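First residue of the sequence shown: 1296, per the numbering used here; consecutive thereafter.
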Amino acid sequence: MAAIHILPEQLVNQIAAGEVIERPASVVKELLENAVDAQAARVTLELEEAGKKLIRVSDDGGGIPAAEAPLALASHATSKIASTEDLEGITTLGFRGEALASIASVADVRLVTRTADALEATEVAVSGGQAAPPRPTSGPVGTSVEVRNLFRYVPARRKFLKTDATEMGHITEQVARVALAYPAVHLTVTHNGRAVYELPPSDSVRARIGAFFGSDLADALVEAASEEPAGRLWGLIGPPHLARATTAAQYLFINGRYVRDRGLLHALREAYRGLLEGSRQPVALLFLTVPPDRVDVNVHPTKIEVRLRDAHLLYGQVLATVRERLLGPGLTPHVTPASAA
Ligand code: ADP
Ligand code: MG
């Protein structure tokens, strides 16, 4: 065995990337989340070859001050938290300060950014783990991050990439998660120069559901809402006859973040008890707002799982709110008694 030694930075970042950057869709997720955190009103995602060749996300958010731009691509560098207390009340989608550094260790990255009070934009780039010195350039207020040749520096990962159609499917899912949670953000997606999604800003989640799942489904969903000390719940739920074979149409957002929470998804399924055949799965989009200090986001590298301090109360709230709505007027024409399930 070799002697113990500190690993080179590029390798450290590649190891971090291994957990978070699995495929083009992972990059799309991180870049879209950064744009949302930057309070962008308009976000454009451009893809070439399903993101394998190019992923570019441009936003009109706050931008990065020129002096800080090189830090954006450095590991463990973030503007979103500064202390342990901050970690206990995360209100942004990002906070680890690792995404851009991870991406820059496995691909070529170029970032152009400008704040509202800057006269010009700043460009920073990393290629092969080597950062080019920042340079002034022209560009609008906001940030554009370009990721080329994903996994160029980790060929083993590259081999796991699937067909363009499959990778586009994963990307679409990531785009949907952001689009559904932030309907006020104008979102444009192109692939190989062709428009894929043009989602105008809207105050309606329903309109976004229509764009991704069709207006038949969007129109059929009904609202369910409740407010309890543990959290505020608002959702659009599908009548039992719309149930599907899989859980793919179950979306749970906690404080604007898409999460998979087995407990709360179980509560959802329980609310349909006796109303669905066999293993059919309900269609539902649930938006939960809880106090930031009651949810620990720092448990999973991609933050797809969180820990809820009031898991028990929220379970009951989801179950009761959805159940009451389902049994309410105009929804369930043929109710089977719950005991028959
Ligand atoms: P994190 O989002 O966890 O802070 P990232 O590596 O994704 O880490 O980004 C590092 C930092 O770069 C962010 O904290 C933010 O300050 C800045 N940044 C990244 N993307 C954008 C963007 N689109 N607009 C403004 N600032 C950005
Ligand atoms: Mg981030």
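Don't be surprised by glycine CBs; every beta carbon is placed ideally from N, CA and C. Computed from a predicted model, the values in this text were never measured in an experiment.
- Judged by beta-carbon spacing, Val1352 lies beyond the 7 angstroms limit of Ala1336, meaning their Cβ atoms are not closer than that value.
- Check the Cα spacing between Ser1422 and each of Val1401, His1371, Leu1626, Gly1434: the tightest is with Val1401.
- DSSP places Asp1591 within a strand segment (E or B) once states are collapsed to three.
- Neighbourhood of the ligand MG, defined by CB distance below 5 angstroms to any of its heavy atoms: Asn1329, Gly1389, Ala1394, in chain order.
- Between Gly1357 and Arg1409, the C-beta gap is not smaller than 7 angstroms, which leaves the two residues out of contact.
- Linking Leu1342 to Leu1608 through their CA atoms gives a straight-line distance of about 42 angstroms.
- Taking the Cα of Leu1621 as reference, the smallest distance to any Cα among Thr1542, Val1554, Ala1538 is reached at Ala1538.
- Residues Pro1596 of the same chain have their beta carbon placed closer than 7 angstroms to that of Glu1314, with the five preceding and five following residues left out of the count.
- Residue range 1337-1343 is occupied by the beta strand (DSSP E) that includes Leu1342.
- Under DSSP, His1561 forms no beta bridge with any residue.
- Note that the C-beta distance between Ala1515 and Ile1504 is not below 7 angstroms.
- In the DSSP assignment, Glu1619 falls outside any beta strand (DSSP E) and lies within the alpha helix (DSSP H) extending over 1606-1622.
- Around the beta carbon of His1486, 16 or more other beta carbons sit within 10 angstroms, so the residue counts as buried.
- Pro1365 sits in a helix when the DSSP states are folded into three classes.
- Relative to the ligand ADP, the beta carbon of Ser1370 is positioned no closer than 6 angstroms to any heavy atom.
- By the 16-neighbour rule on beta-carbons within 10 angstroms, Ser1439 is buried.
- Taking C-alpha positions only, Val1436 is separated from Ser1574 by approximately 50 angstroms.
- CA-to-CA, the gap between Val1338 and Ala1479 works out to about 11 angstroms.
- If you check the CB distance, Ala1367 and Gly1392 do not come in under 7 angstroms.
- Of the residues Thr1541, Arg1472, Glu1418, the one whose Cα lies closest to the Cα of Pro1365 is Glu1418.
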